[in-house]
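J.:
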Amino acid sequence: MEIKELLLNGKSFSELLKQFSIDAADVTIQDEGMILSEQFLRHKEIVKESICIEGKNKEGIINFFGTLHYNLLNKLAVFEMQGFEQVSLR
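Counting from 1 along the sequence shown, just add 313 to a position and that's the residue number in our numbering.
1. Can you name the start and end residues of the beta strand (DSSP E) that Phe-397 belongs to?
2. Using only the alpha-carbon positions, how far apart do Lys-357 and Gln-332 sit?
3. Can you tell me the Cα-Cα spacing of Glu-398 and Ile-364, whole angstroms?
4. Going by the DSSP bridge assignment, what does Ile-364 pair with across the sheet?
5. One question on the structure: do Asn-384 and Ile-366 come within less than 8 Å of each other, judged by their Cβ atoms?
6. Mapping DSSP to helix, strand and coil, what is Lys-371?
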């Protein structure tokens with residue numbers, strides 16, 4: 314299961330996207346493949362990783378920076394935002 318799907322199961326991440334007028338289809342988690350790789354997850358039940366989530370809306374690109382808390386056993390994910398930057402379309 315993708316991290317984005319797990320994050321969208323929680324209300325707080327969906328609300329964050331709504332605040333910035335970002336559709337879930339326009340969200341990309343940078344390095345998601347590496348985070349979910351078998352080598353990275355081996356012998357870990359809980360992953361805590363600094364990540365960047367990129368979202369696009371009609372005004373531009375918004376990068377959310379923070380920590381992903383991912384529980385492999387329960388298939389739960391929480392994003393703890395620490396900051397963001399907005400890049401306007403030119």
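By construction, the Cβ of each residue, glycine as well, lies at the ideal position given by its N, Cα and C atoms.
Please read all numbers here as calculations on a predicted model, not as lab measurements.
T.: According to the structure shown:
1. Against the sequence shown, residue 397 aligns to sequence position 84. Where Phe-397 is concerned, the enclosing beta strand (DSSP E) stretches over 389-401.
2. Looking up residue 357 in the sequence shown gives position 44. Looking up residue 332 in the sequence shown gives position 19. Near 33 Å, if we compare the C-alpha coordinates of Gln-332 and Lys-357.
3. The count along the sequence shown starts at 1 and reaches residue 398 at position 85. The count along the sequence shown starts at 1 and reaches residue 364 at position 51. Rounded to the nearest angstrom, the two C-alpha atoms are 14 Å apart.
4. Indexing the sequence shown from 1 puts residue 364 at position 51. Ile-364 pairs with Gly-379.
5. If you number the sequence shown from 1, residue 384 lands on position 71. If you number the sequence shown from 1, residue 366 lands on position 53. Taking 8 Å as the Cβ cut-off, Asn-384 and Ile-366 do not qualify as a contacting pair.
6. Residue mapping note: residue 371 aligns to position 58 of the sequence shown, counting from 1. Looking at Lys-371 - three-state DSSP - the assignment turns out to be coil, as it is neither helix nor strand.
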